[in-house]
Every structure is written in structure tokens, then in C-alpha cells.
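Peer 1:
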Amino acid sequence: MRVSTAQVYDTGINGIMRISAQQMKLQNQINTGRRVLTPSDDPVASARALVVTQSQEVNQRYIENQGRAKDSLAFLDGTLGSVVDVMGSLIERTIAAGNSGTLSDSERQVIARELRMRYDELNALANTQDGEGNYIFAGYQTQTQPFHTSDVGNAPTGAPVPGVVMAGVTVPAGADVYLGDDGRRQLQLEASRTMAVSEPGSDVFVRIRDKNGNVTNESVFTSLGNFIEALEQTPFDATAFNTAHSAALTNFYAMLDNTLRIQTTTGSRLAEIDALETTAADRDLQYESVLSDLQDLDYAEALSMLSKQQIQLEASQKSFMAITALGLFNYI
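Once you know that position 122 of the sequence shown is 163 in the numbering used here, the rest is easy, because the numbers rise by one and skip nothing.
#1: Counting only C-beta atoms, is THR120 closer than 8 Å to chain C at any point?
#2: Under three-state DSSP, which class holds GLU155?
#3: Pick helix, strand or coil for THR305, following the three-state DSSP scheme.
#4: Of all the options SER330, ALA322 and GLN336, which has the alpha carbon lying nearest to the alpha carbon of ASN100?
#5: At what residues does the alpha helix (DSSP H) containing ARG109 begin and finish?
#6: In chain order, what residues of the same chain lie with their CB nearer than 8 Å to the CB of SER96, ignoring the 5 residues before and after it?
#7: Looking only at C-alpha atoms, which of LEU335, ASP118, SER113 and THR307 sits nearest to GLY174?
#8: Using the rule of at least 16 other Cβ atoms within 10 Å of the residue's Cβ for burial, across every protein chain shown, is THR79 buried or exposed?
#9: With a CB to CB cut of under 6 Å and the five nearest residues on each side skipped, what residues in its chain are close to VAL238?
#10: What's the gap between the Cα of GLY122 and the Cα of SER130?
#11: How far does the beta strand (DSSP E) with LEU265 in it reach, from first residue to last?
#12: Using the C-alpha atoms, what's the distance from TYR176 back to LEU144?
#13: With C-beta atoms as the reference, is ALA295 less than 8 Å away from THR257?
#14: Quick one: using the 10 Å Cβ neighbour count with 16 as the cut-off for buried, is GLY119 buried or exposed?
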């Protein structure tokens, strides 16, 4: 069979280029640590890897939401803890004020001033903002200050302290308004789990539920305001004071029970998030393992193949040089 010089050159060069291309691809695989660089490298593995990657991205979003939920609930839990502290102080001073028969007017005024300070503290807690400036007790109205109460801390002695009424209800002159709503902000933590990460101020400070599940019709601000007014009333009316004192103490205990119940629920949610985070982290590791099996390169095998290809390339180059060096004049 006759072989032309052009055929000899084409065959030799094509062989060298083919081996060089294989070497380049293998070098890219070694550089990236990936066996599958394009879908054509392994169509089945590439398709499965795409599905797993999409699932992993969804899982990552759940992990992010779990972190956000944990931060929000931890902040809420801390704020509720402060409310519990204030309510404990309120109950203590209210019990002390109950000894109206042994207290002088000046002593009652001292207690009233202390209660005004607790009123301001409670008002500040009800209008707490998180690190992003959102009001945590405003429901969905996170950019709206939920409680607008009078600056009772600077009110003159004997001045009435207004309570709080729900927005949408007829507001008496001088009364303050809850401008939030009843919404609980939700976050998707798993495919089938959505969790509330906030509590509306209406359920914390207004519709107060005692340990028996009974809901009071009076907000904590109204109860405290009425009690301060009775405490500061001149001349002192013992009968009116005793009535206000009994109502206030009952509502304060209900407020304490209500806050502790909400705080317990918040703690349960935090514990659930811990479990969800563990599950999501384990799932993420599984996704990483599957992707590694589908895409990652076996370095030992790759380096062995690279060495083999280098030998093939050198052999091909030497044979090409030897063949192309042959000519008729070699035999003369």
C-alpha cells in the first residue's frame, strides 16, 4: 500500500494533538479537582449533580432562615425576660403599697414615682427595636412604633395616667393607641415547617391571658395607670384605692403569667431550631458527599493517567520524528 508523505504527516500530527488534548483535559481536572468539567464528560453524573446542587441550595436557604429565626427569637426571649423583671418589681411595689393604712401620703408618693419609672421601662420594652430597626412587638407593622403612651415619668403628681387601647376602637380623649397588628412574622425553616419568630404586642401587653387561660379586658398600661392615679389621689380615698389595688395586683400577676407563658413558648421554638439546625447541617454534609462521589477527581488515578499519557506523547513524538526523517536518499 502506498502512503503519501502528507498522510504520514497528518497521521503523526493528529496523534500528537489528540494525546496533547487528553493531557490538557486531565491537567484541568487536576487543577480543579473535578472529574466532571462539562456535561459531556459524564451526562448521567452531571444530571444527578445538578439535582443535588439545587437541593443543597434550598437547604442552605433553610439554614440561613434558621439562623435568622434563632437570632430573632433569642432577642425576643431576652426582651421578655426584661419584662418579667419589671413585672416582678411592679408586683413587689404594689404589694408594699397595699399597706395603705400604715403609709403616709409622702410614702405613697415615693411608691408612685417608682411605679412611674416602671411604667416608662415597660413602655420602652413594648417599643423595643431589633438590630435592623424593626419594632419586635408591632406584628407585621415593623416600621411603626406600636405603643404610644404618655410621658408619665414627667407628669405632675396627681395627674391621670392614660392606658392603652387597641387601634380601630373608639379612643377616649387623651388615651393612647396600639398601632401594631396581631401578626406573627413567619420564616420557612424546612420544607414542611414554618415558625413564628415574633409575638404581637397585643398578645403580650394588651390581651393578657392568665395561667387559667382567662383573657383580661385591660392592658397592663391601663392597670398600672389606674393604680398610680389611685395612689396619687388627694385627698386619699382608701375605698377607691383598695379597689384599684386589688384589680392591679390581679392583672399584674396575670401579666407575669402571660409573659412567662410566651417566654416558655419562645424557648421551645429555640430548642426546636437547634434540632432543625443539626438536621440541616447533616443533610448538607450528605449533599457534599454525594456531589463529591459524582464530580470529584481521584487524584491517584489522574496522576497515574497523566504519567501514562506523557509516555504516550513522548513515544508518539519520537516515532513521528523517526518516520518523517526517512527518505529515498537514506538507502542510496
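Glycine is no exception: its CB is placed at the ideal position from the N, C-alpha and C atoms.
All of these numbers come straight from a predicted model, not from anything done at the bench.
Peer 2: So, from the listed chains and residues:
#1: Reference to chain C is not applicable here, since this structure consists of a single protein chain.
#2: helix
#3: helix
#4: ALA322
#5: 84 to 138
#6: TYR328
#7: SER113
#8: exposed
#9: ALA110, SER113, LEU114, ARG226 and LEU228
#10: 13 Å
#11: That residue, LEU265, is in no beta strand (DSSP E); its alpha helix (DSSP H) goes 261 to 273.
#12: 40 Å
#13: yes
#14: exposed
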